[in-house]
Amino acid sequence: MPFSPDYEGPLALYQTWKQKGVTWGSNPTDIASFLANQFSGFDLFELLTTLEAVALGRNFEWTAIKIEVMPSGNLRIEHQYDNPDDEEPLILIRTLHHKSPRRASHEEMSLPLRLQRQGLSRRLIGACYKQYKQAKVDLMTVQAGMTGGGYAWARYGFAAVQLTEVQRILDTAAERGIDDTGAIQELREDLANFREQAVGPFPIESWARLPFGEKLLAGTQWEGVLNLRNPAQIQ
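Take the sequence shown: its position 207, counted from the start at 1, is 207 in the UniProt record's numbering, and no numbers get skipped.
Now the structure itself:
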């Protein structure tokens, strides 16, 4: 049912989180209405609580959290952690797009070097993913490489949207220390066969499971998509 702005229960929680440092870039009533009407099942406060716990488990607290309804009508959620000892901050930015197909776009996820390879990215993504499933989001998209290693996103099950980007990975394999030209040639043939079928995004996740998968995909950039309606992709 449509959200009623007269319902004060959830709105009191907005004040509680404001006191904890969350910046509400929009009127809380507008944010609550957006979630209730467009993404019913998405528990914003459960997400905030979980991400707070994940941070504390890694001995840090979020420096800034901002949530707002954008002029486009979509909802943007930003988390950031700044530490003067790190070369770069931890940044997690997501946008919920309400037009069909409804999607959650992970526009940025960057981790300082000292926080990498500890399972932190999986915890952060897992917390978001739970809410997407509850809200019956259709797609989760990411620009792999801009938001973390291409290898990691492939391992999470994302498929590559642009075949030209997949081709570039093979063309630059030698630059990443892969000298097995026979194996790369097999991948080229697989990609060529897939291109002829034109059946959708490329299942690059299979490459992540190769013996040299990490070396092949680490540092690569490609547009990724996870179809949350496809059991085969999210298993």
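Ideal Cβ positions, reconstructed from N, Cα and C, are used throughout, including at glycine.
Nearest by alpha-carbon distance to I178: which of W153, A152, L217 is it? The residue from W153, A152, L217 with its alpha-carbon nearest to that of I178 is L217.
Within the continuous alpha helix (DSSP H) that includes Q197, where are the two ends? Looking at the DSSP string, the run of the alpha helix (DSSP H) that includes Q197 is 181-197.
F3 to S33, Cα distance in whole Å? Low confidence applies to F3: its pLDDT is 42, below 50, so where it sits in the model is not reliable, and the reading given next is rough at best. Straight-line Cα distance between these residues: approximately 5 Å.
H98 - partner residues in DSSP beta bridges: Beta-bridge partners of H98 (DSSP): none assigned.
Going straight from the alpha carbon of D180 to that of K99, what length do you get? Here the C-alpha atom of D180 lies approximately 45 Å from the C-alpha atom of K99.
Nearest neighbour of M70, chosen from T95, D82, W62, L48 [CA to CA]: Measuring from the Cα of M70, the nearest candidate turns out to be T95.
Quick one, are the C-beta atoms of W153 and A159 less than 7 Å apart? One thing to note: W153 has its Cβ no nearer than 7 Å to the Cβ of A159.
Does the Cβ of S33 lie closer than 6 Å to at least one heavy atom of the ligand ZN? This structure does not include the ligand ZN; it has no bound ligands of any sort.
N-terminal and C-terminal residue of the beta strand (DSSP E) that I67 is part of: Secondary structure note for I67: its beta strand (DSSP E) is the uninterrupted segment 64-69.
Kindly indicate which residue of R176, W222, D30 has the alpha-carbon position closest to the one of F212. F212 has its Cα closest to that of R176, out of R176, W222, D30.
Nearest residue (CA-CA) to P112, options K130, L92, I125: L92 is the residue among K130, L92, I125 whose C-alpha sits nearest the C-alpha of P112.
Any contact of the segment 112-123 with the segment 197-205, i.e. 3+ C-beta pairs under 8 Å? These segments do not touch.
T63 versus Q38 - alpha carbon distance: The straight-line gap separating the alpha-carbon atoms of T63 and Q38 is approximately 29 Å.
G224: buried (16+ other C-beta within 10 angstroms of its C-beta) or exposed? By the neighbour-count rule (16 or more Cβ atoms within 10 Å), G224 is buried.
The alpha helix (DSSP H) spanning R123 covers which residue range? Residues 120-134.
If you draw a straight line from the alpha carbon of H174 to that of I77, how long is it in whole angstroms? Checking the sequence shown, residue 174 turns out to be Ala, not His. Separation of A174 and I77 (C-alpha to C-alpha, rounded to the nearest whole angstrom) is 38 Å.
Spatial distance of T23 from L51 (CA atoms): Cα to Cα, T23 sits roughly 16 Å from L51.
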